[in-house]
Amino acid sequence: MKTIGTVKIYFLTAEEGGQSIIPVGNFSIPIIFEEDRELINGSWSAVIEFHKTPNTQRETTADLYLAFYEKEEAPNHLIKPGMKFELTTNRVIARGIIETLKN
Numbered sequence: 001m002k003t004i005g006t007v008k009i010y011f012l013t014a015e016e017g018g019q020s021i022i023p024v025g026n027f028s029i030p031i032i033f034e035e036d037r038e039l040i041n042g043s044w045s046a047v048i049e050f051h052k053t054p055n056t057q058r059e060t061t062a063d064l065y066l067a068f069y070e071k072e073e074a075p076n077h078l079i080k081p082g083m084k085f086e087l088t089t090n091r092v093i094a095r096g097i098i099e100t101l102k103n
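Following the UniProt record's numbering, the numbering of the sequence shown begins with 1 at its first residue and continues without gaps.
Quick look at the structure:
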């Protein structure tokens, strides 16, 4: 089952260890959930679908779900209100929190 979370995201600046350019369209990226920092459930990518482009403070809201959510081993249970996460490339580029779930 596809679990979709409504999330708040902050994109780190280059000075904070992120990157100077931030995405302006929907994208997919590796995600690390706060409750699974050791990746016990494996490494997964999240699909980020913006509600609006990030503002000048580098913040936005979006829908988030796992790229291969239909796989039996997909950790969809980690997408729940209050769960914090990091979006990563070769470094953390954004941090966020899941606010609500969509039906």
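Cβ coordinates follow ideal geometry from the N, Cα and C atoms, glycine included.
Remember, predicted model here, so these are calculated numbers, not experimental data.
Candidates the options: closest to residue i by CA position
i	options	result
residue 81	46, 55, 97, 61	97
residue 78	72, 33, 21, 64	33
residue 114	21, 1, 38, 15	Outside the displayed range of the chain (1 to 103) lies residue 114, so it cannot be described from this structure.
residue 41	57, 24, 75	75
residue 4	23, 91, 50	50
residue 57	2, 102, 7, 13	13
residue 84	90, 69, 70, 100	100
residue 52	6, 2, 91, 103	6
Beta bridge counterpart(s) of residue i as assigned by DSSP
i	result
residue 86	32, 95
residue 47	28, 65
residue 101	5
Terminal residues of the beta strand (DSSP E) in which residue i lies
i	result
residue 9	4-11
Cβ-Cβ separation, residue j to residue i (assumed contact under 8 angstroms), whole Å
i	j	result
residue 48	residue 62	5 angstroms
residue 59	residue 9	7 angstroms
residue 46	residue 65	7 angstroms
Problem - Complete runs of the alpha helix (DSSP H) confined to the segment 49-82 [at least 4 residues] - result: If we require 4 residues or more, the segment 49-82 turns out to have no alpha helix (DSSP H) run fully inside it.
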